[in-house]
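Participant: If you scroll down you'll find the structure; I have some questions about it.
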Amino acid sequence: MAAAGPSLFSENEEETAPYLKTLNEEQRKAVLTTEGPVLMLAGAGTGKTRALTTRLAHLLNTGRAQPWQILAVTFTNKAAREMKDRIAALVGDHVEGMKWLGTFHSIGAQILRRHAELAGLKSSFTILDADDQTRLAKQVIEAANIDEKRWTGRGLAMVIDGWKNRGLTPDKVPANEAYHFADGKGIDLYKAYQARLTTLNAVDFGDLLVHNLTIFQNNADVLEEYQRRFRYMLVDEYQDTNVAQYLWLRLLAQKHKNICCVGDDDQSIYGWRGAEVENILRFEKDFPGAEVIRLERNYRSTPSILGAASGLIEANKERLGKTLWTDAEDGEKVKVRGVWDGEEEARLICDDIESEQSKGRALSDMAVLVRASFQMRAFEERFNTLGLAYRVVGGPRFYEREESRDALSYLRLIRSSDDDLAFDRIVNKPKRGLGDKALQVLHKIARAQGVPLMAAARIALESDDLHAAARRSLVNFVDTVDRWARDAKDMTPADLAELVLEESGYIEMWKNSKSPQVPGKLDNLKELIQAVSEFDTLEGYLDHVALVSELSEDTGDGQIWLMTLHAAKGLEFPVVFLPGWEEEIFPSKRSLDEKGNAALEEERRLAYVGVTRAEESCRISFAANRQIYGRWQTAIPSRFVDELPEEHVDVVSEPGLYGNSASDLASHSSFDGAKLREDAYYDNPGWRRARASGARPASSPPLLEGRAKTVSVSAPGASKFSKGQRVFHQKFGYGKIQSIEGQKLTVEFEHSGPKKVIDTFVEAA
DNA sequence: TGTTCTCTGTTTTTT
DNA sequence: ACAGAGAACA
């Protein structure tokens, strides 16, 4: 297939191109509507990537655009890689010409390198990561003499990030937001932070976009160059764009207006990072004449899974609304299981996994998706005792680990002696007798003379400011770094990395440490050298790692997947386990406290993402008790459980979970009908026998009839207790009721202090 | 400079 | 419960 030059097809043939044949009606429309703004609303599992890559291939094949005239942006490197691979499958080598296919940040960096001087930078600028950013922010706070206890570097970095996400340079931050940080000093600190970045010839992630915006706004000619170049634009995961990215896209799209945004408002789960669902909700207003194409036919899941997910997401108010449908045959219903505690939950899920495995299901076809990473531990422990192979996605990133960052700092300092953050990090690591005292001297000189620390070190060596020991050590350090910089010219980067880690004593430092993590760290350093060896130049490698935080992933064959719901977006598995559906965990209490209803809707979208990952089987569970931060907490089932439509769900709840033993039944007069029926069901001989033998009841329990439309496993209603009453709790002992909120009581326990408990857990004392 | 202690903040984290 | 940071102390 050729891409260059005029179309290979006549008007008529275009519509019959072979790659269009496998698409459904909507997908075809999404491919063939090439001109003008298009919003492709693609629900989970509707073949979005296929539509999107075919669209790009079509633009190339019909000669509508040359590969370098297409801007295609994604959020992750992984998504960019996948898109590239799939386009290559359709158009072959022409994909290599698509130099504007990448993440927002990598494309922003490319553009910024070409016009760095317009942002007051040299084109060799370094890109700081989150850790550098925090340390820089901390330095800024220190320099401003602000109480570092109350106002942390991390806090400032977050505030600045928030502004950058909204495309705000210091002069544009609304005055009424000045008081968000350090009693009104926020904006000044932001200015100081930017000034430091300029001196360091560095940018943070947010700057990659914000500098682009400033350049475009102040240099019409530059903007126009790019507007002309990008005849077609394509944006993946549009629901996750922040304001800065939105502004960037809108500026670039003004000329040709051929922008196609693909997304799903129901899967917007990064609001806490500055993503604005409003961007997608507003698309038709922003781009008049936009064509909205809905992909609603789902190729992934069974009707029950889709039905459960749809019912759940319907509780959200702020959405464009889609109805997913499928031709697939009815499968099993979504299973909901209530258990006693987190440990049991892990045990039962692992039982299920093993039973699936014995039926011939591959481990890599199953995934456990959790809300927060602390929930992973219970599963890892259980997997380990059973000897089940598993694979955690996410977790500590390779390039964020201490040893990776140290090694990179050595390399950065060799590349550029101006890299103060790198200097700071490794000048005394391993210990070279260059402690706080010596560093203070260097910092003072650097600040006074406006030079980098390395230069300050040379100046200090000319003076009498340092003790003899420190001086000897510093001479040695400076000379060694100089020598490495010379060596770097005629060595491969990998050899250099190896040499540096040896000669610096860095490897030795770890070998001498008795920390149990040492073998892992040494392995990581070897892996890092391995990664370096894939690059021809040091610059190339450092530039790569600045924008990529993970090594390329190995495949998870023969392993169960364990990851957070966020990490699972975009993936699919035949069997999905969703543990921990309890109030305060999911939806997470913290996000609700911070952002209220908006956060609740986002949590609900997260639940929706979780359910829609499943192809055949989706198993939700909740525990009545859970250990969090070392303390036992009682929990009630998540409201999301209640929101699942009854007809698509099977509920299995153990007896005794919520104070429903026979004796409790007699004393709890306030239970409503649904609760009674649930208890009555489990208080039968069949269930008891099933429990005793460790098996599940022969048939699934009947759905509860107390509610017309949704499942109910919690028992709402007025509490039978009153404020001030003395009560007894099995775990916490005696206490006095402080306040009552429906079923939730706040009790001041005599031995363990104030706690929130569910009223069925306590009895009058 | 190294060790031990106390305090604090513990959701998600594509770049 | 627990890790990481910072302070106190040897």
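For the first sequence, the working numbering assigns the number 4 to the initial residue and increments by one for each residue that follows.
Idealized CB from N, CA, C, for every residue including glycine.
Return the residue from the list 401, 354, 360 and 365 that minimises the CA-CA distance to residue 382.
Facilitator: That would be 354, whose Cα lies nearest to the Cα of residue 382.
Participant: Apply the 10 Å Cβ neighbour rule to residue 482 and answer buried if 16 or more other Cβ atoms are within range, or exposed otherwise.
Facilitator: When all chains shown are included, residue 482 counts as exposed.
Participant: Identify, in the order they occur along the chain, each residue of the same chain with its Cβ nearer than 8 Å to the Cβ of residue 293, setting aside the five sequence neighbours on each side.
Facilitator: Excluding positions up to five away in sequence, the list reads 39, 40, 41, 42, 286 and 287.
Participant: Classify residue 256 as helix, strand or coil using the three-state DSSP reduction.
Facilitator: Of the three classes helix, strand and coil, the one that applies to residue 256 here is helix, per DSSP.
Participant: I'd like to check one pair, residue 407 with residue 527: are the Cβ atoms closer than 8 Å?
Facilitator: Yes, the pair counts as a contact, with Cβ atoms nearer than the cut-off.
Participant: Is residue 371 near residue 233, with beta carbons less than 8 Å apart?
Facilitator: Result no, Cβ atoms of residue 371 and residue 233 do not sit closer than 8 Å.
Participant: In three-state DSSP terms, what is residue 576?
Facilitator: Here residue 576 sits in strand by DSSP.
Participant: Taking the alpha-carbon positions, what's the residue 477 to residue 203 distance?
Facilitator: Cα to Cα, residue 477 sits roughly 22 Å from residue 203.
Participant: Are the Cβ atoms of residue 60 and residue 101 separated by less than 8 Å?
Facilitator: Taking 8 Å as the Cβ cut-off, residue 60 and residue 101 do not qualify as a contacting pair.
Participant: Rounded to whole angstroms, what's the CA-CA distance from residue 267 to residue 611? Just pull it up for me.
Facilitator: Approximately 12 Å between the Cα atoms of the pair.
Participant: Hey, is the segment 452-460 in contact with the segment 413-422, meaning 3+ C-beta pairs nearer than 8 Å?
Facilitator: The segment 452-460, when compared against the segment 413-422, does touch it at the 8 Å Cβ threshold.
Participant: Would you mind working out which of 600, 88, 490 and 78 sits nearest residue 57, comparing C-alpha positions?
Facilitator: Cα-wise, what sits closest to residue 57 is 88.
Participant: Is the beta carbon of residue 124 closer than 8 Å to that of residue 239?
Facilitator: No, Cβ-Cβ distance for residue 239 and residue 124 is not below 8 Å.
Participant: For residue 440, does the count of other Cβ atoms within 10 angstroms reach 16, so buried, or fall short, so exposed?
Facilitator: Counting Cβ neighbours within 10 Å, residue 440 comes out exposed, since fewer than 16 surround it.
Participant: What does the alpha-carbon distance come out to for the pair residue 625 and residue 348?
Facilitator: Whole-angstrom Cα-Cα distance: 8 Å.
Participant: Would you report the Cα separation of residue 674 and residue 590, rounded to the nearest angstrom?
Facilitator: Model confidence at residue 674 stands at a pLDDT of 27, short of 50, so the residue's coordinates are unreliable and nothing is read from them.
Participant: Compare the C-alpha of residue 137 against each of 119, 161 and 114 and name the closest.
Facilitator: The residue with the shortest Cα to Cα distance from residue 137 is 161.
Participant: For residue 564, does the three-state DSSP call read helix, strand or coil?
Facilitator: In this structure, residue 564 counts as strand in the three-state DSSP scheme.
Participant: Can you find the residues in the same chain that come closer than 8 Å, C-beta to C-beta, to residue 144, ignoring five residues on each side of it along the sequence?
Facilitator: Cβ neighbours of residue 144 beyond the five flanking positions: 151, 154, 155, 156, 159, 185 and 192.
Participant: For the beta strand (DSSP E) that residue 105 lies in, which residues bound it at each end?
Facilitator: Where residue 105 is concerned, the enclosing beta strand (DSSP E) stretches over 104-106.
Participant: Tell me, please, which residues DSSP counts as bridged to residue 86.
Facilitator: Answer is none; residue 86 lacks a bridge partner.
Participant: Out of 350, 364 and 414, point me to the one whose CA is closest to residue 389's CA.
Facilitator: The shortest C-alpha separation from residue 389 is found at 350.
Participant: Quick check: residue 139 and residue 424, are their CB atoms within less than 8 Å of each other?
Facilitator: Their beta carbons are under 8 Å apart, which means residue 139 touches residue 424 by this criterion.
Participant: Within a Cβ cutoff of 8 Å, which residues of the same chain sit near residue 697, ignoring the five residues on either side of it in sequence?
Facilitator: Because the pLDDT of residue 697 is 32, which lies under 50, any placement of that residue in the model is unreliable, and the question is left without a value.
Participant: Quick test of your reading: residue 649 and residue 318, contact by CB under 8 Å. State the CB separation rounded to the nearest angstrom.
Facilitator: The Cβ separation is near 14 Å, so there is no contact.
Participant: Let me check understanding here. Comparing Cα to Cα, which of 463, 134, 189 and 64 lies closest to residue 95?
Facilitator: The candidate whose alpha carbon is nearest that of residue 95 is 64.
Participant: Residue 69 by DSSP, collapsed to three states: which one?
Facilitator: Residue 69 falls in the coil class under three-state DSSP.
Participant: Please name the residue in 344, 122 and 437 whose C-alpha comes closest to that of residue 635.
Facilitator: Of the candidates 344, 122 and 437, the one whose C-alpha sits nearest the C-alpha of residue 635 is 344.
Participant: Can you list, in chain order, the residues of its chain with a C-beta nearer than 8 Å to that of residue 118? Leave out the 5 residues immediately preceding and following it.
Facilitator: Closer than 8 Å at Cβ, skipping near neighbours: 218, 222 and 225.
Participant: Inspect the beta-carbon positions of residue 554 and residue 395 and report whether they are closer than 8 Å.
Facilitator: Cβ atoms of residue 554 and residue 395: not closer than 8 Å.
Participant: Rounded C-beta distance between residue 122 and residue 115? I'm assuming under 8 Å.
Facilitator: The Cβ separation is near 7 Å, so the contact holds.
Participant: What residue ranges within the segment 129-205 form continuous alpha helix (DSSP H) runs of no fewer than 4 residues, ordered along the chain?
Facilitator: Fully enclosed alpha helix (DSSP H) runs of 4 or longer: 133-146, 156-168 and 189-202.
Participant: When you compare each of 517, 628, 263 and 728 to residue 296 by their alpha carbons, which one comes out closest?
Facilitator: The shortest Cα separation from residue 296 among 517, 628, 263 and 728 belongs to 263.
Participant: Counting only the same chain and skipping the five closest in sequence on each side, list residues whose C-beta sits under 7 Å from that of residue 173.
Facilitator: Here the set comprises 190, 193, 194 and 197.
Participant: Check each candidate in 538, 497, 549 and 518 and name the one with the smallest Cα separation from residue 529.
Facilitator: Checked all of 538, 497, 549 and 518; the closest Cα to residue 529 is 497.
Participant: Three or more beta-carbon pairs under 8 Å between the segment 324-341 and the segment 303-315, yes or no?
Facilitator: Yes, since at least three Cβ pairs between the segment 324-341 and the segment 303-315 fall closer than 8 Å, the two stretches touch.
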